[in-house]
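Chains as they are written, first to last, in full-length UniProt numbering: chain D, 1 to 220; chain Y, 1 to 220; chain P, 1 to 220; chain A, 1 to 220.
4 protein chains.
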Amino acid sequence: METYHKSVFTRIPEEKQRRILDAGISEFAARGFPGANINVIARKAGISIGSMYKYFGSKEDLFLTIIEQAHGLLASALEEIDGSSGDIFEKIEKMVRAAQNYARQYPELHQIYLDMTSEGLSHLSRKLSGKMETVSVNFYERMIREAMAQGLIDSRQNPRWIALFIDNLILMLQYSYTSDYFKERMKIFLGPNALDDDEKMAASLLQFIHGALKGEGSLK
Amino acid sequence: METYHKSVFTRIPEEKQRRILDAGISEFAARGFPGANINVIARKAGISIGSMYKYFGSKEDLFLTIIEQAHGLLASALEEIDGSSGDIFEKIEKMVRAAQNYARQYPELHQIYLDMTSEGLSHLSRKLSGKMETVSVNFYERMIREAMAQGLIDSRQNPRWIALFIDNLILMLQYSYTSDYFKERMKIFLGPNALDDDEKMAASLLQFIHGALKGEGSLK
Amino acid sequence: METYHKSVFTRIPEEKQRRILDAGISEFAARGFPGANINVIARKAGISIGSMYKYFGSKEDLFLTIIEQAHGLLASALEEIDGSSGDIFEKIEKMVRAAQNYARQYPELHQIYLDMTSEGLSHLSRKLSGKMETVSVNFYERMIREAMAQGLIDSRQNPRWIALFIDNLILMLQYSYTSDYFKERMKIFLGPNALDDDEKMAASLLQFIHGALKGEGSLK
Amino acid sequence: METYHKSVFTRIPEEKQRRILDAGISEFAARGFPGANINVIARKAGISIGSMYKYFGSKEDLFLTIIEQAHGLLASALEEIDGSSGDIFEKIEKMVRAAQNYARQYPELHQIYLDMTSEGLSHLSRKLSGKMETVSVNFYERMIREAMAQGLIDSRQNPRWIALFIDNLILMLQYSYTSDYFKERMKIFLGPNALDDDEKMAASLLQFIHGALKGEGSLK
DNA sequence: CATGAATGAGAGTTCATTCAT
DNA sequence: AATGAATGAACTCTCATTCAT
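Structure (structure tokens):
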């Protein structure tokens with residue numbers, strides 16, 4: 001399997017690995033990839049810049065290592081939900097909660113994820129594509145087909161599209177927790193305190209999705 | 001009203017203004033705000049860097065001027081729809097079409113919009129907030145309340161939340177037209193050719209929204 | 001015609017151009033191409049490093065500009081000799097004198113020339129080849145063929161080879177004026193003061209060449 | 001006798017010594033002294049960088065050790081010719097052949113030799129001077145004086161100068177086998193295939209030297 | 001109003017050398 | 001005797017901004 005760090009990196013104490021990745025996360029999140037300063041990251045992590053380049057061939061490689069790790073976290077959260085019991089609505093609820101938790105727990109990591117959508121970094125997203133979303137796609141599709149078979153949801157819609165729309169809605173929810181831009185946006189739509197009530201937010205989103213899935217959505 | 005360019009800028013020939021803004025758009029879109037080179041923009045626009053700084057106090061101001069202009073385009077598209085006849089579903093359809101057109105016509109402008117969500121630029125988004133979305137919020141709210149009053153849609157949901165979710169879905173659609181990252185994401189969900197069929201995309205999204213609005217979404 | 005500096009360089013005062021090239025020459029001569037520090041060169045020349053990069057795209061381009069200029073000096077010296085009257089022996093004598101003068105006057109320039117033979121710089125010599133020696137080759141060949149026709153020298157040898165050997169001998173003479181290595185070498189062969197007597201050196205070399213050209217060189 | 005490696009170096013297996021020197025030779029030849037990376041050399045040699053510094057006090061010492069070894073090879077070739085029978089012309093022929101063989105067999109070693117003439121390395125050549133050429137000087141002088149005594153060659157020229165010129169010519173021949181710069185130079189003088197015909201090259205040079213030694217070189 | 005040469009702080013990256021194990 | 005992780009000064013190059021003309 002392809003990795004973006006040199007092999008030395010895995011042989012240093014885990015605590016040091018964490019310090020380096022965390023320093024990277026906070027710098028990348030705060031200043032974006034082009035604005036981040038790798039010498040500053042090294043200093044924050046308490047290592048020399050020379051060591052930094054012993055572990056990662058370039059600023060880009062450090063960034064990709066962080067992204068991949070973030071993706072790992074997401075994927076394992078997803079797998080847990082995938083393996084759990086409950087119907088589609090319960091599972092989606094779990095996903096929404098997981099997204100909220102993730103965004104609350106690792107806001108910086110999520111901010112970095114967001115940054116990858118900027119064009120200056122498109123060559124990076126191309127490097128990672130495929131790895132990125134395939135996990136969730138399969139999960140969604142299986143869940144939706146099952147629910148259709150059980151007559152739980154409207155089966156006239158294409159499961160792939162539904163999956164995309166739901167995932168979009170959840171992703172946007174997450175963005176609203178981390179990105180200043182989306183925070184502002186949310187305040188404008190919902191008032192200044194909307195972000196404080198996770199329960200309300202989850203409930204509203206779930207209700208919206210529920211309707212879409214039940215789907216009196218037939219356009220006559 | 002606050003502007004980000006110096007007043008001289010408005011006094012030069014409109015054609016020159018366009019050349020400058022267009023050069024900026026293509027550079028910012030291609031390389032992101034931090035990666036963009038303002039000397040290159042000046043050269044592309046056929047003006048001197050000295051003049052550039054006569055018109056705009058900083059790289060940031062040029063960027064903000066461009067964003068604001070983009071926003072103007074969006075706002076006027078919205079107003080046109082707002083003023084048109086038709087029920088909520090027809091209006092939403094118009095919005096989806098408009099979003100597609102906008103993304104197809106000004107992909108670079110839209111890319112820049114996207115970039116603003118990155119944290120490195122959060123101080124910029126804070127500067128612009130308020131201007132950005134207030135237009136659409138009012139439009140949505142009016143439209144939804146009206147539809148509720150007419151019994152066209154489920155009235156148990158909060159209009160503000162519905163507005164946000166719909167806008168999120170449309171925004172994501174737009175992202176999928178411009179950002180490499182979202183393009184890849186869409187391909188993973190829908191296969192390699194999904195982006196070629198605008199009709200299919202619009203129909204699917206509208207059906208999803210229709211269901212959500214009709215809303216057998218009551219969670220018992 | 002291809003140049004290695006940007007066009008701005010030619011538009012700045014000649015005196016400044018000279019200061020920059022001279023600073024470059026002395027730094028490159030003293031420390032070799034890889035050892036030379038372009039920031040130091042800029043400082044020595046009294047300009048900012050930013051300006052340096054406005055004039056030359058890279059350290060390499062500055063180097064190549066200097067080399068080309070050196071070549072120009074050589075070429076014009078050669079042309080003068082070429083156009084002068086006198087038989088082959090007189091012309092070769094002039095060349096030897098010119099080589100001595102050049103080495104005495106521009107020892108650093110000549111040192112740089114020498115450095116180009118090192119493998120680390122082979123990509124540079126490839127860039128310049130063709131430009132480099134074609135001038136002298138034509139000059140030599142014409143001169144030798146003429147002398148053969150006049151019966152002045154042995155005509156059984158190939159003019160091209162003779163030209164190469166003579167040029168080699170003169171080149172080595174020059175090296176002995178500039179390179180520490182060749183200076184040491186010469187001292188070992190000729191004693192510590194050999195380099196002080198230009199006359200002796202010229203006379204010895206000319207006598208050696210004279211014999212070779214007259215050429216009882218037939219190998220039975 | 002002065003050596004440039006630490007004494008430990010001689011106590012490790014000879015095969016390891018060879019591996020280290022060979023790795024050094026190929027790296028120095030390819031990238032020059034300043035460009036060579038001593039960590040890379042250690043890796044290529046299959047030893048740790050720590051050991052490298054146990055054997056050699058510095059990058060420079062490794063380089064000097066290699067040079068000295070190269071010099072040993074040259075010296076022994078010379079001694080063999082020195083001890084052989086034959087007149088001066090036969091011996092010079094042997095030297096030319098030896099030079100060709102050496103350049104063909106150890107092109108990298110010879111390239112390194114060449115690099116030493118660059119000024120960035122002048123402090124190194126000063127360190128080595130004396131060792132370098134004294135062997136050949138004595139050899140030449142003895143050979144030439146003998147030939148003069150036998151009336152084989154013109155005795156009006158200074159044996160030391162003749163020795164230098166002949167050695168210069170042979171050295172240049174060698175350069176033409178290894179240095180890209182001199183290869184290009186030779187092609188310009190002799191056409192693209194000159195380097196393929198060792199016989200022709202040897203014959204031409206010998207004929208030239210023969211004439212010079214026979215010396216109708218008296219300048220009236 | 002317009003120009004564009006000039007600036008220099010600061011970026012990412014390299015590598016000879018050290019030293020604890 | 002051997003290891004190789006760690007160091008950090010030093011390098012080349014970029015670019016937002018200024019200012020004399």
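C-beta: ideal position from N, C-alpha, C; glycine also.
Exercise. Do you know whose CA, among D:Ala36, D:Tyr102 and D:Ser84, lies nearest Gly72 (chain D)'s CA?
Worked result: Start at 1 with the first residue of the first sequence, and residue 72 (chain D) comes out as number 72. The option with the nearest alpha carbon to Gly72 (chain D) is D:Tyr102.
Exercise. Buried or exposed: which applies to Thr10 (chain D), given that a residue is buried once 16 or more other Cβ atoms fall within 10 Å of its Cβ?
Worked result: The residue given as residue 10 (chain D) occupies position 10 in the first sequence. So Thr10 (chain D) counts as exposed.
Problem set entry | Touch test, the region 16-29 of chain A against the region 37-56 of chain A, Cβ-Cβ under 8 Å, three pairs minimum | yes
Exercise. How should Arg185 (chain Y) be labelled, buried or exposed, when 16 other C-beta atoms within 10 angstroms of its C-beta is the threshold for buried?
Worked result: Here residue 185 (chain Y) is taken as the residue at index 185 of the second sequence, counted from 1. The residue in question, Arg185 (chain Y), is buried, as its Cβ has 16 or more Cβ neighbours within 10 Å.
Problem set entry | Stretch pair the region 43-62 of chain Y + the region 76-85 of chain Y: three plus CB contacts closer than 8 Å | no
Exercise. Which of the three DSSP states, helix, strand or coil, is assigned to Lys6 (chain A)?
Worked result: For the purposes of this step, residue 6 (chain A) is identified with residue 6 of the fourth sequence, where counting begins at 1. Coil, per DSSP.
For this session: Just the chain D side, please: which residues come within less than 9 Å of Thr134 (chain Y) by C-beta, in chain order?
Result: Numbered from 1 along the second sequence, position 134 holds the residue referred to as residue 134 (chain Y). Within chain D, the residues near Thr134 (chain Y) are Ile188.
Problem set entry | For Asp198 (chain Y), the first and last residue of its enclosing alpha helix (DSSP H) | Walking along the second sequence from the start, residue 198 (chain Y) turns up at place 198. That run of the alpha helix (DSSP H) goes Asp198 to Lys214.
For this session: Answer yes if the region 137-145 of chain Y comes into contact with the region 56-73 of chain Y, meaning at least three C-beta pairs across the two stretches below 8 Å, and no otherwise.
Result: no
Exercise. Is the Cβ of Gln17 (chain A) closer than 8 Å to any Cβ of chain P?
Worked result: Counting from one through the fourth sequence, the residue named residue 17 (chain A) turns up at place 17. Cβ-Cβ to chain P under 8 Å: no for Gln17 (chain A).
Problem set entry | Leu152 (chain Y) - DSSP class collapsed to helix/strand/coil | Position 152 of the second sequence, counting from 1, holds the residue named residue 152 (chain Y). Three-state result, Leu152 (chain Y): coil.
Problem set entry | Distance between beta carbons of Leu169 (chain D) and Leu205 (chain D), contact taken as under 8 Å | To locate residue 205 (chain D), count along the first sequence from 1; it is residue 205. To locate residue 169 (chain D), count along the first sequence from 1; it is residue 169. With a Cβ gap of about 6 Å, Leu205 (chain D) and Leu169 (chain D) count as contacting.
For this session: Give the range of the alpha helix (DSSP H) segment to which Thr178 (chain Y) is assigned.
Result: Within the second sequence, residue 178 (chain Y) is the residue found at index 178, counting from 1. Residues Pro159 to Thr178.
Problem set entry | Touch test, the region 108-122 of chain Y against the region 166-183 of chain D, Cβ-Cβ under 8 Å, three pairs minimum | Between the region 108-122 of chain Y and the region 166-183 of chain D there are three or more inter-stretch CB-CB distances shorter than 8 Å, so the stretches are counted as touching.
Problem set entry | Phe56 (chain P), DSSP secondary structure in three states | Taking the first residue of the third sequence as 1, we reach residue 56 (chain P) at position 56. Three-state result, Phe56 (chain P): coil.
Problem set entry | Closer than 8 Å at the beta carbon, the chain D residues around Asn158 (chain Y) | In the second sequence, counting from the first residue as 1, residue 158 (chain Y) sits at position 158. Counting only Cβ-Cβ distances below 8 Å, Asn158 (chain Y) has contacts in chain D at Ser204, in chain order.
For this session: Less than 8 Å between the CB atoms is what I'm expecting for Arg104 (chain D) and Phe189 (chain Y), so what's the real figure, rounded?
Result: Along the first sequence, one-based indexing puts residue 104 (chain D) at 104. Along the second sequence, one-based indexing puts residue 189 (chain Y) at 189. Actually they do not touch by this definition, with Cβ atoms about 26 Å apart.
Exercise. If you count every other CB in all the chains shown that lies within 10 Å of the CB of Asp196 (chain D), and 16 or more means buried, which is it?
Worked result: Stepping through the first sequence from its first residue, residue 196 (chain D) is reached at position 196. Classification of Asp196 (chain D): exposed, given that the 10 Å Cβ count is below 16.
Exercise. What distance in whole Å lies between the Cβ atoms of Ala202 (chain P) and Gln100 (chain P), which are believed to be in contact at a cut-off of 8 Å?
Worked result: In the third sequence, the residue the question calls residue 100 (chain P) occupies position 100. In the third sequence, the residue the question calls residue 202 (chain P) occupies position 202. The pair is a contact, with the Cβ atoms about 7 Å apart (cut-off 8 Å).
Exercise. Just how far apart, CA to CA, sit Arg97 (chain Y) and Lys200 (chain Y)?
Worked result: Walking along the second sequence from the start, residue 97 (chain Y) turns up at place 97. Walking along the second sequence from the start, residue 200 (chain Y) turns up at place 200. Going by the C-alpha atoms only, they are around 12 Å apart.
Exercise. How would you label Arg31 (chain D), buried or exposed, when you count the other beta carbons within 10 angstroms and need 16 or more for buried?
Worked result: Locating residue 31 (chain D) in the first sequence gives position 31, counting from the first residue. Result: buried.
Exercise. Of all the alpha helix (DSSP H) runs that stay within the bounds of the UniProt domain "HTH tetR-type" (14-74) of chain P, which reach a length of 4 or more residues?
Worked result: 14-35, 38-45 and 49-55
For this session: Express the C-alpha separation of Arg19 (chain A) and Phe165 (chain P) in angstroms, rounding to a whole number.
Result: Translated into positions along the third sequence, residue 165 (chain P) becomes position 165. Translated into positions along the fourth sequence, residue 19 (chain A) becomes position 19. Looking at the two C-alpha atoms, the distance is approximately 38 Å.
Exercise. What's the call for Ser136 (chain P), buried or exposed, on a 16-neighbour Cβ count within 10 Å?
Worked result: Taking the first residue of the third sequence as position 1, residue 136 (chain P) is located at position 136. Of the other Cβ atoms in all chains shown, 16 or more fall within 10 Å of the Cβ of Ser136 (chain P); this residue is therefore buried.
For this session: Give the DSSP-derived three-state secondary structure of Ser118 (chain A) in the structure shown.
Result: For the purposes of this step, residue 118 (chain A) is taken as the residue at position 118 of the fourth sequence. Correct three-state label for Ser118 (chain A): coil.
Problem set entry | Contact list for Lys59 (chain P) against chain A, beta-carbon separation under 7 Å | Residue numbering aside, residue 59 (chain P) sits at position 59 when the third sequence is read from its first letter. The contacting residues do not exist; Lys59 (chain P) stays about 13 Å from chain A at best.
Problem set entry | Extent of the continuous alpha helix (DSSP H) to which Asn101 (chain Y) belongs | For this step, residue 101 (chain Y) is matched to residue 101 along the second sequence. Run containing Asn101 (chain Y): Ile88 to Gln105, per the alpha helix (DSSP H) assignment.
Exercise. How would you list, in chain order, the residues of chain Y whose beta-carbon sits under 8 Å from the beta-carbon of Ser122 (chain D)?
Worked result: Residue numbering aside, residue 122 (chain D) sits at position 122 when the first sequence is read from its first letter. Under the 8 Å cutoff, chain Y gives Ser179, Asp180 and Tyr181.
Problem set entry | Reduced DSSP category for Asn193 (chain A) - H, G, I as helix; E, B as strand; rest coil | Here residue 193 (chain A) refers to the residue found at position 193 of the fourth sequence. Residue state, collapsed to three classes: coil.
For this session: Give me the Cα-Cα distance between residue 292 (chain D) and Pro107 (chain D), rounded to the nearest whole angstrom.
Result: Lying before the first or after the last residue shown, residue 292 (chain D) is absent from chain D, which here runs from 1 to 220.
Exercise. How long is the line joining the alpha carbons of Gln150 (chain D) and Gln157 (chain Y), rounded to whole angstroms?
Worked result: Numbered from 1 along the first sequence, position 150 holds the residue referred to as residue 150 (chain D). Numbered from 1 along the second sequence, position 157 holds the residue referred to as residue 157 (chain Y). About 27 Å.
Problem set entry | Inter-residue spacing [alpha-carbon to alpha-carbon] between Leu154 (chain P) and Leu109 (chain P) | The residue you call residue 154 (chain P) lines up with position 154 of the third sequence. The residue you call residue 109 (chain P) lines up with position 109 of the third sequence. Strictly speaking, residue 154 (chain P) in this sequence is Asp, with Leu absent from that position. Each residue's Cα considered, the two are about 36 Å apart.
For this session: Would you mind giving the Cβ-Cβ distance between Lys6 (chain D) and Gly86 (chain D), rounded to the nearest angstrom? I have them listed as a contact below 8 Å.
Result: The sequence position of residue 6 (chain D) within the first sequence is 6, counting from 1. The sequence position of residue 86 (chain D) within the first sequence is 86, counting from 1. Not really, about 43 Å apart at Cβ, beyond 8 Å.
Problem set entry | Interface residues of chain A facing Ser30 (chain P) [CB-CB closer than 7 Å] | As a working mapping, residue 30 (chain P) is identified with position 30 in the third sequence. One point to set straight first is that residue 30 (chain P) is Ala, not Ser, in the sequence displayed. Neighbours of Ala30 (chain P) on chain A, chain order: Glu119.
Exercise. Mind pulling the chain D residues with CB within less than 7 Å of Gly72 (chain Y)?
Worked result: Position 72 of the second sequence, counting from 1, holds the residue named residue 72 (chain Y). Under the 7 Å cutoff, chain D gives no residues; its nearest Cβ is about 17 Å from Gly72 (chain Y).
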